[in-house]
Structures are given as structure tokens and as C-alpha cells.
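Novice: Take a look at this one; I'll ask things after.
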Amino acid sequence: ETDEKQKIEKIKLNENVGNQEKVKKATVPLATGTEPIDKIFVQSGCAACHTIPGIFPARGREGPKLELGTNARRRLEDSNYRGRARTEWEYVQESILNPGAYIVEGYRDHVMPRWYGQKLSAGALDKIIKYLLKIEEVK
Numbered sequence: 081e082t083d084e085k086q087k088i089e090k091i092k093l094n095e096n097v098g099n100q101e102k103v104k105k106a107t108v109p110l111a112t113g114t115e116p117i118d119k120i121f122v123q124s125g126c127a128a129c130h131t132i133p134g135i136f137p138a139r140g141r142e143g144p145k146l147e148l149g150t151n152a153r154r155r156l157e158d159s160n161y162r163g164r165a166r167t168e169w170e171y172v173q174e175s176i177l178n179p180g181a182y183i184v185e186g187y188r189d190h191v192m193p194r195w196y197g198q199k200l201s202a203g204a205l206d207k208i209i210k211y212l213l214k215i216e217e218v219k
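Under the numbering used here, think of the first position of the sequence shown as 81, with each following residue one higher.
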């Protein structure tokens with residue numbers, strides 16, 4: 081509990097100074113999928129770089145806002161998309177496991193770690209995808 085609070089405070093501090101700390105593989109524990117969804121996003125480092133509606137303190141700016149209930153289909157249909165996904169589910173999975181398959185306009189490649197597949201169990205990955213596909217863009 082205390083470690084989790086310290087991680088959250090560290091993320092908030094980094095946000096406030098505008099200097100996102102790089103997520104390091106050695107410090108990210110394996111997510112099993114039994115954890116609550118907010119804990120998976122925080123302990124895996126997603127919250128450090130992405131804004132994820134409904135997840136506190138996920139207010140990062142290094143990566144795109146994760147409103148994939150709306151944006152996954154748009155990205156699949158983008159003429160710049162070069163990945164292999166055919167469905168929204170596959171797109172979100174690919175974005176996590178192979179983040180270079182499609183780079184959202186306005187963001188850089190090689191910012192998101194390529195090793196997330198080693199730190200997320202199948203159950204954790206499924207939980208993340210289910211959550212993200214429920215988030216619709218708010219205009």
C-alpha cells in the first residue's frame with residue numbers, strides 16, 4: 081500500500097515539473113491480471129506517459145490520450161497504418177506489444193517501451209484491452 085502511494089506521488093511530482101521519468105523494465109513487476117485495473121495501469125508505467133480517463137493519476141503527455149473506444153477504428157482505417165490488426169481488439173493489443181506498428185500523429189516512435197509483452201500476463205493484457213475499448217472520446 082505504501083509503495084503504491086509512493087509511486088503515485090512520484091508520478092504526480094514528475095507531471096508537475098513536466099519531466100516524465102522513463103519507465104524501466106527492471107522496476108516494472110509482472111501484472112498477472114488479478115490486480116484492479118487502475119493498479120495495472122500504474123504499476124506497469126502506463127499512467128506515467130498516457131492520460132487514461134477514469135484512471136487516477138494517469139495524466140501523462142508523452143503518449144496519446146487512450147480513448148480507444150473511439151480512436152481504435154479510426155487508426156485502423158488511417159492510410160498510414162502499417163500493422164497487422166484487423167479489429168479494434170487486435171489494434172489495442174498490437175499497440176501494447178508492438179507500439180511501432182502505428183505512431184499516432186504528433187507523437188514520436190520509440191517512446192513506448194517494446195518489452196511490455198514480458199511484463200503483462202495474458203489476463204492483464206485482456207483486462208487492459210477491455211477497459212480501453214470502453215473509453216469513448218469526449219468532445
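Where is the CB? At the ideal position from N, CA and C, for every residue including glycine.
Which residues in the same chain have their Cβ closer than 6 angstroms to the Cβ of V184, if we skip the five residues on either side of it in sequence?
Specialist: P144.
Novice: Touching or not, the segment 174–191 and the segment 106–113, by the rule of three or more beta carbon pairs under 8 angstroms?
Specialist: With the cut-off at 8 angstroms, the segment 174–191 and the segment 106–113 do not touch.
Novice: Indicate whether I176 and Y196 have their beta-carbon atoms separated by less than 8 angstroms.
Specialist: Yes, the Cβ-Cβ distance between I176 and Y196 is below 8 angstroms.
Novice: Can you give me the C-alpha to C-alpha distance between V218 and E174, rounded to a whole angstrom?
Specialist: Spanning the two alpha carbons is a distance of roughly 24 angstroms.
Novice: Just checking my contact of T131 with E216 at CB under 8 angstroms: how many whole Å lie between their CB atoms?
Specialist: No, T131 and E216 are not in contact; Cβ-Cβ is about 14 angstroms, not under 8 angstroms.
Novice: Let me know the secondary structure DSSP gives R194 once reduced to three states.
Specialist: In the structure shown, R194 sits in coil (DSSP, three-state: anything other than H, G, I, E or B).
Novice: On a Cα-Cα basis, can you pick out the residue from L148, C129 and E147 that is closest to R139?
Specialist: Of the listed residues, the one whose Cα sits closest to R139 is C129.
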